[in-house]
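Novice: So the sequence shown is numbered by our numbering: it starts at 7 and just counts up by one.
We put the CB at the ideal spot given by N, CA and C, even for glycine.
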Amino acid sequence: MRLFRIIPALAAGLAGAMLAVGAAQANQLAGPIVTGTLTSVQGDSVTVNGQTYTVVPGSPAEEELSSLTTGQQVDVQLNGPASSPDTEVVNVVVHQGQ
C-alpha cells in the first residue's frame with residue numbers, strides 16, 4: 007500500500023521540478039551574446055567591436071536605440087550566429103555604470 011502513495015508523490019515532485027526548470031530557461035537569453043564596446047549607432051544598426059548588426063524591428067533592441075551612446079560596454083543578443091550576415095540584434099543590455 008505504501009508504494010501506491012510513494013509513486014504519486016514522486017510524480018508530483020518530478021512535475022514540480024520540471025516546471026521550475028522551464029521557468030528558469032524562460033528567463034535566459036535565447037541567442038548568442040556578443041560583449042564589447044559600442045562603436046556606432048546609425049539608423050537601425052549598431053556596431054560592436056567593429057562588427058555591424060541590423061536591429062530587429064519591434065524588438066527590445068529597437069526600443070533601446072535612442073538611449074545608446076558610443077563607448078558604452080554592452081551585451082548584444084543575436085538571433086543567429088555572429089558570423090552569419092543574416093543575424094540581427096534582438097536585445098541590447100548596457101553594462102552597469104555605463
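Select from S72, E69, V96 the residue whose C-alpha is nearest the C-alpha of V82.
Specialist: Ranking the options by Cα distance to V82, first place goes to V96.
Novice: Kindly give me the distance between the Cβ atoms of P87 and P38, rounded to whole angstroms, as I take these residues to be in contact under 8 Å.
Specialist: Indeed they touch by this definition, with Cβ atoms about 7 Å apart.
Novice: For V62, which residues of its own chain have a beta-carbon under 6 Å away from its beta-carbon, when the five flanking residues on both sides are left out?
Specialist: Closer than 6 Å at Cβ, skipping near neighbours: E94, V96.
Novice: Candidates G49, Q48, V54: which alpha carbon is nearest G77's?
Specialist: Of G49, Q48, V54, the residue nearest in Cα terms is V54.
Novice: Which value, in whole angstroms, describes the spacing of the CA atoms of S51 and E68?
Specialist: So the two alpha carbons sit approximately 9 Å from each other.
Novice: If we ignore side chains and look at the alpha-carbon of each, how far apart do H101 and G42 end up?
Specialist: Looking at the two C-alpha atoms, the distance is approximately 10 Å.
Novice: May I ask which residues mark the beginning and end of the beta strand (DSSP E) holding G42?
Specialist: Where G42 is concerned, the enclosing beta strand (DSSP E) stretches over 39-48.
Novice: Below 8 Å on the Cβ atoms is my contact criterion, and I expect L44 with L71 to pass it. Report the Cβ-Cβ distance as a whole number of Å.
Specialist: Contact doesn't hold; Cβ gap of about 11 Å is too wide.
Novice: Once you ignore the five residues that flank Q57 on each side, which residues in its own chain have a CB closer than 8 Å to its CB?
Specialist: Closer than 8 Å at the Cβ level, and outside the excluded window around Q57, lie V40, A88.
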